[in-house]
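What follows is a set of notes on a single structure, which appears directly below.
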Amino acid sequence: MAKVMQSEDVKVRKHAIEIIYNIIEAGEQGLKDGEYNPYLETLNDQGIIEKLILLLWIENNEYNSRIFAKTLAHLFKAFPLPQEMKNDLIQKLKVGIDWFELTLLAECNDNHEAILANDFEMKIFEFNQYTNLQLVLIINLLRYGTQNLKSIISLVKEKVWKLIDDKELDEFGEKQNWNQIKKEEIKQKAKEILIIIWEIEIKQFEGKDQILEKESVQIEEEEQIQNKQEKEKRDNEDKIIDKQKEKDIIIEQEKEKQSDIDKEKEIKSDIEFEQDKQPDVKKEKQSDIEKEKEKENEKEKEKVDENEKIKENQNINEMEKKKDNEKVIYKQKEKNKVKGVQQQTVDIFSLAHSSSKFVSHNFLGQINQGKVVNKTEKEQEDKTKKQQYNKKETQKVNEKEKGKTQTGVVQQARPDQVSSTTKDFVNISDAISQHFALPNVPPFKLPSNFNSLLTGLRWKNIYEILIVIPAASQLAELAFYPIFTPTPSVIYDILLPSLTGYIYMLKSLTSQLIEILKKFGDVSSSQSLRENISSKLALFSYPIETVSNIQSNLNTTLIQFCQIFPRLETNSTLPQLLLPRIQLLSSMTYAVETCQMYIEINNNMQIQSVSKPQIDPSVALASFKSAALPVILSQTDIKLRTKMYEELNQCMSQVQNLVSVAILGENISDKKDINQQQNIFKIQQTKGNETKSTQEKHDKKNSNESSSTQNKSTQNNKKGNNNNKEEIDIPDSQKRFKVIQTQSGAQIPLKM
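Numbering-wise, the sequence shown is residues 46 to 797 according to my numbering.
Below, the structure is given as structure tokens:
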């Protein structure tokens with residue numbers, strides 16, 4: 046055969062090349078995607094491949110050279126081409142528009158660079174014909190490739206959408222003279238391309254999230270280290286300044302004592318000296334002494350007068366500040382009237398929450414149009430209300446516990462199991478709020494266990510969280526109070542740790558509720574567990590009243606914070622509080638929406654109550670978005686802006702995932718029968734009599750062909766289990782989109 050290949054007769058060489066091509070092409074029948082040609086190894090060991098490459102370079106006839114290139118392409122199916130001939134061989138295939146051979150080489154990632162050279166991805170759809178091979182080439186480039194994926198997706202996505210649309214497909218079919226079978230094949234390949242593009246975009250998004258999470262963790266660690274270093278520097282500087290002040294005070298006191306001693310000595314010496322003189326002289330000296338005493342008394346009176354003047358000036362300044370506050374409140378009321386907003390002017394910084402049953406003392410609640418409320422009366426009212434509420438709550442829960450213990454049900458935690466650390470945290474937060482409610486106060490001395498109490502918030506049960514939320518909210522309001530200008534020590538010792546502790550407590554709350562929601566989904570999606578569903582779900586559910594109280598408390602605080610947040614950030618001089626504020630709002634939003642989902646699921650499943658009260662929809666996410674977007678758009682620091690955008694995006698995605706968690710439970714990918722049972726996700730497609738008859742005729746005509754294609758389709762179905770999908774059709778009356786569900790549970794809308 047080698048001698049025949051080297052013949053000078055072009056026709057002889059042509060027949061020899063065609064024979065070799067047919068042999069190698071026949072050897073790849075039955076191979077799956079990604080499998081090598083069986084002749085590759087044997088021909089390589091015998092040295093025949095090197096001879097074929099040499100003959101390719103020597104061949105002058107264009108037809109024979111093209112057959113050589115196609116033969117080598119079939120031989121190197123899913124295998125890297127040799128570097129010395131890769132570019133030339135693929136270029137010959139591109140010139141000849143040999144799509145099939147290009148798809149075989151595209152099964153190997155090493156060949157993609159040569160295939161995509163000279164912007165070939167832009168030329169795939171430049172030709173007027175749309176064939177299966179073009180779509181298969183795109184599928185292989187996306188499935189096996191890692192290069193230029195973004196450019197391929199951006200160029201291909203819009204055109205592939207047209208091939209799924211029935212009208213566009215009919216127009217292409219008329220131009221290309223496609224029959225119905227050809228149209229269906231093109232449509233299925235286009236759907237497969239869109240599914241691969243969707244999976245690639247999801248992986249890229251997840252990879253970016255992981256990178257951003259790592260970067261955020263590193264940035265947080267660096268910021269913590271810097272904060273510690275700055276704090277240590279400030280502490281050292283404060284200590285040095287305090288020591289120097291103490292020394293100066295001691296020196297001044299010693300000087301005053303010494304001066305007093307010297308004066309007394311002089312006076313005594315003068316008295317002794319004058320005793321021997323005439324009485325008139327003694328009288329004169331005594332008068333002088335009395336005059337000096339009078340002068341000293343006058344000086345002391347002047348000092349007292351100066352102190353009184355200083356106090357009067359301070360009172361005047363305080364009154365001016367109060368007037369300014371009243372002007373701000375009046376302007377805000379006028380703005381609300383102009384806008385037509387029918388709402389009462391709420392003191393944003395008051396923690397006397399109307400929806401909360403806990404009324405804790407708050408320094409912002411003491412300020413009402415510049416007048417300070419009597420502390421003792423406020424504290425007494427708070428204590429009595431707390432005691433009354435605690436008694437009612439314990440009575441309710443004890444009654445429920447008695448009813449459940451009779452049926453053998455045990456709750457996860459009880460409201461009477463309140464730890465001492467919870468009470469300590471509430472007391473300390475009240476003390477901090479009362480301290481900063483007064484003007485011109487000295488520095489606050491934090492208890493030694495303040496940080497440990499904050500870290501302990503992340504391990505509270507749901508009943509302790511109900512008690513702690515008002516106290517944590519009043520500490521958080523210090524960071525949202527516009528007139529309050531804290532010192533650096535207050536920011537880093539009180540505000541930032543308080544916000545962080547509050548965020549971790551909210552994460553603990555949502556994780557506890559989500560675990561219950563997952564169990565709801567597991568029980569509701571299982572055929573064997575649906576019997577007596579209310580009694581089974583009551584084993585691990587929390588009281589609906591407790592969750593409702595938590596939601597109303599958080600929702601009131603969240604709406605107040607969202608109202609002040611945009612105005613606060615436009616005039617803020619505390620950039621270090623910007624990101625923690627938006628992180629807190631995000632955590633509160635997610636917690637409110639989780640409570641809302643828990644209450645709705647509980648109500649629908651009739652857990653713990655037979656009646657179904659009306660449940661108002663939640664506006665937490667809308668409030669958070671409307672408050673956060675202006676701040677994000679106005680931010681000039683790109684790094685901080687991306688962090689804030691990520692926090693908002695993360696909150697939105699978490700809220701969207703709540704429905705799937707509550708419906709599908711723990712193993713979302715294994716709950717396919719849920720979609721079959723619900724009319725929302727699967728609607729039976731009604732077909733007319735005409736489509737049925739045409740399909741039956743078409744099936745009878747192609748019965749012989751379908752037997753062979755069915756065998757191939759079964760092999761492809763076994764091979765593509767990883768990309769298994771479920772197609773959900775919608776009737777013609779609602780035909781806007783189709784939904785394809787992948788094995789991972791993702792639902793992909795496809796434009797019709």
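Cβ atoms here follow ideal geometry from the backbone N, Cα and C, with glycine treated the same way.
Contacts around residue i, its chain only, beta-carbon distance under 6 Å, and the 5 residues preceding and following it disregarded
{"i": "tyrosine 643", "result": "Leu558 and Val592"}
{"i": "leucine 703", "result": "Met642"}
{"i": "threonine 759", "result": "Note that threonine 759 has pLDDT 43, beneath the 50 cutoff, so the model's placement of it is unreliable and the number below is only indicative. Excluding positions up to five away in sequence, the list is empty."}
{"i": "isoleucine 604", "result": "Ser668"}
{"i": "lysine 220", "result": "none"}
{"i": "lysine 59", "result": "Asn109"}
{"i": "glutamate 277", "result": "none"}
{"i": "glutamine 680", "result": "Arg686"}
{"i": "lysine 131", "result": "Ala159"}
{"i": "phenylalanine 190", "result": "First, the amino acid is wrong: residue 190 is glycine here, not phenylalanine. Correct list, in chain order: Asn154 and His157."}
{"i": "leucine 562", "result": "Val706 and Ala707"}
Option nearest residue i by Cα separation, candidates the options
{"i": "alanine 521", "options": "Asn185, Ser199, Ala673 and Ser632", "result": "Ser632"}
{"i": "threonine 545", "options": "Pro588, Ser556 and Gln628", "result": "Gln628"}
{"i": "tryptophan 504", "options": "Glu275, Lys552, His119 and Phe250", "result": "Lys552"}
{"i": "tryptophan 243", "options": "Asp287, Leu214, Leu623 and Val205", "result": "Val205"}
{"i": "glycine 218", "options": "Thr176, Val181, Glu509 and Pro533", "result": "Thr176"}
{"i": "arginine 188", "options": "Lys228, Ile241, Asn222 and Lys234", "result": "Ile241"}
{"i": "isoleucine 361", "options": "Lys338, Gln249, Lys302 and Pro484", "result": "Pro484"}
{"i": "methionine 550", "options": "Ser586, Tyr508, Ile561 and Ala524", "result": "Tyr508"}
{"i": "arginine 626", "options": "Ile677, Cys640 and Gln233", "result": "Ile677"}
{"i": "isoleucine 589", "options": "Cys640, Thr116, Ala672 and Gln303", "result": "Cys640"}
{"i": "leucine 693", "options": "Leu624, Asn647 and Leu97", "result": "Leu624"}
{"i": "glutamate 341", "options": "Lys356, Asp305 and Lys310", "result": "Asp305"}
{"i": "lysine 207", "options": "Asn222, Asn224, Trp223 and Ile231", "result": "Ile231"}
{"i": "asparagine 281", "options": "Ser534, Leu622 and Asp315", "result": "Ser534"}
{"i": "leucine 540", "options": "Phe529, Ile528 and Ala524", "result": "Ala524"}
Contacting residues, own chain, Cβ-Cβ under 8 Å from residue i (five flanking each side not counted)
{"i": "leucine 186", "result": "Ala151, His157, Ile160, Leu161, Glu166 and Ile197"}
{"i": "phenylalanine 145", "result": "Leu178"}
{"i": "isoleucine 245", "result": "Leu187, Leu194 and Ile198"}
{"i": "tyrosine 635", "result": "Leu551, Thr555, Cys696, Gln699 and Val700"}
Residue span of the alpha helix (DSSP H) that contains residue i, given as start and end
{"i": "leucine 85", "result": "84 to 90"}
{"i": "leucine 208", "result": "194 to 209"}
{"i": "threonine 639", "result": "623 to 649"}
{"i": "cysteine 696", "result": "683 to 709"}
{"i": "lysine 168", "result": "Here lysine 168 belongs to no alpha helix (DSSP H), and DSSP marks it neither H nor E."}
{"i": "phenylalanine 669", "result": "665 to 678"}
{"i": "valine 140", "result": "131 to 140"}
{"i": "glutamine 479", "result": "465 to 481"}
{"i": "tryptophan 504", "result": "Neither: tryptophan 504 is in no alpha helix (DSSP H) and is coded neither H nor E."}
{"i": "phenylalanine 145", "result": "144 to 150"}
{"i": "alanine 61", "result": "55 to 72"}
{"i": "asparagine 163", "result": "Element bounds for asparagine 163: n/a, residue is neither H nor E."}
{"i": "leucine 493", "result": "A small correction: the amino acid at residue 493 is serine; leucine does not occupy that position in the sequence shown. Element bounds for serine 493: n/a, residue is neither H nor E."}
{"i": "alanine 524", "result": "Note, alanine 524: premise wrong, no alpha helix (DSSP H); not H, not E."}
{"i": "serine 110", "result": "107 to 120"}
{"i": "alanine 95", "result": "Note that residue 95 is glutamate in the sequence shown, not alanine. Note, glutamate 95: alpha helix (DSSP H), 93 to 103."}
{"i": "tyrosine 537", "result": "First-last for tyrosine 537: undefined, no H or E at that position."}
Test: residue i CB closer than 8 Å to a CB of chain C
{"i": "asparagine 272", "result": "Judged by its chain identifiers, the structure shown contains no chain C, having just a single protein chain."}
Same chain, Cβ closer than 7 Å to residue i, five either side skipped, listed in chain order
{"i": "lysine 284", "result": "none"}
{"i": "phenylalanine 470", "result": "Leu498, Val513 and Ala516"}
{"i": "glutamate 237", "result": "Ile184"}
{"i": "serine 70", "result": "Reading off the sequence, residue 70 comes out as glutamate, not serine. Cβ within range, chain order: His119."}
{"i": "glycine 501", "result": "Thr466"}
{"i": "phenylalanine 124", "result": "Tyr81, Leu85 and Cys153"}
Exercise. Three or more beta-carbon pairs under 8 Å between the segment 77 to 86 and the segment 96 to 112, yes or no?
Worked result: Touching, no.
For this session: Kindly confirm or deny that the segment 529 to 548 and the segment 685 to 703 touch, where touching means at least three C-beta pairs closer than 8 Å.
Result: Result no; under three Cβ-Cβ pairs closer than 8 Å.
For this session: Take every Cβ of the segment 470 to 489, pair it with every Cβ of the segment 344 to 352, and state whether three or more of those distances are shorter than 8 Å.
Result: Between the segment 470 to 489 and the segment 344 to 352, the count of Cβ pairs shorter than 8 Å is below three; the stretches do not touch.
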